[in-house]
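These notes concern the structure reproduced below.
Number of protein chains: 2
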Amino acid sequence: MQFGEKIKRLREEKYLLQRQIAASLDIDAPMYSKIERGERKAKRVHVISLARLLDVSEDELLTIWLSDKIIEDVGDETTALAALKRAEQELKRSIKS
Amino acid sequence: MQFGEKIKRLREEKYLLQRQIAASLDIDAPMYSKIERGERKAKRVHVISLARLLDVSEDELLTIWLSDKIIEDVGDETTALAALKRAEQELKRSIKS
DNA sequence: TTGTGACTTGTCAAATTTTGGCTAATGTAT
DNA sequence: ATACATTAGCCAAAATTTGACAAGTCACAA
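Here the protein sequences come in this chain order: A and B.
When you line the first sequence up against my numbering, it's residues -1 to 95, in that order.
When you line the second sequence up against my numbering, it's residues -1 to 95, in that order.
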C-alpha cells in the first residue's frame, strides 16, 4: 500500500474531512487531496503531523513515506532489486561503524 | 563501495586521465572529478557511457549508481532499513503483475 | 432543479534545487 | 619554475518542486 492510500484509509476511519487535515497541516485542501492521490509528495514535517492527527506511529508513516520515495527513484530500472539489496548492505555496514 | 570510488578504480586500472573520460562524456574535467568524489551525481547516460569506456557491464555500474541514489534519500532516517525492505516487497509485487 | 459541501483538476508564479562550466587553487612530478 | 592532473569555489541558466487559486466534477439533500 502506498502512502496516500494509507493516510486516506486512516482519515476515513476517523471520519475526518480532507479540509480538516489540510487545515491542521497548514496547506490548502486541494494540495492535501493531491498528496492522498500521490500526485504530490508530503514533506517530512507533514508526515510527522499526520502521524499525530491520524493516531498512528511516526515510524510507521515514515517507513511508508520513505518507501514511496525509494520506489519512485528506482523507477523501472531492471537493476532495481539488485540496487535495493546493495543499498541495504551498505546501510547495514554504515550502521555498524 | 560507492559509485565514484568504483569508477575511479576502474579508470586508474586503465591508466586513463579524468580529462580523457570527461571528454568522452562531453563534460568538463572538474565536473568529472566531482562525480568521482561523489560531489555531483552522474546522469544515467553518463553511467552507460562509463560502462563502455571502463569495460564493465552496464548493469554493474547502474546497480551501484542506483544504490547510491537510494542511500542518498533514505538519508539517516531511523526507518531506513524498514523502508528498504518495504520497497523491496512492493517492487517484487509489482514485478509479478 | 437548485444548492451545498467534499473532493479533484488545471494552471500559474514563486521558490528551491540541480546543472554545467568557468576560474583559480592545490598538488605532484620533472 | 614549468607543466600537467586534480580539486575547490563560485555563478547563472535550467529544471524541478511548491503552494495557491479558480474552476470543475460528483453526490446528495432540499
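Backbone N, C-alpha and C define an ideal beta-carbon position, used for all residues, glycine too.
Among the residues of its own chain, which have a CB less than 8 Å from the CB of residue i, if the five just before and after it don't count?
i: arginine 17 of chain A; result: Ala27 and Tyr30
i: alanine 81 of chain B; result: Val72 and Glu75
i: histidine 44 of chain B; result: Leu23, Ile25 and Ile33
Check the C-beta distance from residue i over to residue j and give it rounded, since I have them as a contact under 8 Å.
i: isoleucine 19 of chain A; j: arginine 9 of chain A; result: 6 Å
i: isoleucine 69 of chain A; j: glutamate 88 of chain B; result: 6 Å
i: glutamate 86 of chain B; j: leucine 79 of chain A; result: 7 Å
i: threonine 77 of chain B; j: leucine 60 of chain A; result: 5 Å
Ignore the nearest five residues each way along the sequence and tell me which others in residue i's own chain have a CB closer than 6 Å to its CB.
i: isoleucine 62 of chain A; result: Phe1 and Lys4
i: alanine 21 of chain A; result: none
i: arginine 35 of chain B; result: Gly2
i: serine 47 of chain A; result: Leu23
Starting from the C-beta of residue i, find all residues in its chain whose C-beta is less than 7 Å away, skip the five residues before and the five after it, and write them out in chain order.
i: glutamate 37 of chain B; result: none
i: glutamate 56 of chain B; result: Ile46 and Ala49
Inset, instruction - Could I get the ranges of all uninterrupted alpha helix (DSSP H) runs contained in the stretch 27 to 74 of chain B, with 4 residues as the minimum, in chain order? - result: The qualifying runs are 27 to 34, 42 to 51 and 56 to 72.
Inset, instruction - With 8 Å as the C-beta to C-beta threshold (strictly closer), list the residues of the stretch 70 to 83 of chain A near chain B in chain order. - result: Result list: Asp71, Val72, Glu75, Thr76, Thr77, Ala78, Leu79, Ala80, Ala81, Leu82 and Lys83.
Legend entry - Against chain B: residues of the stretch 28 to 59 of chain A by CB proximity under 7 Å: The stretch 28 to 59 of chain A vs chain B, Cβ under 7 Å: Asp57.
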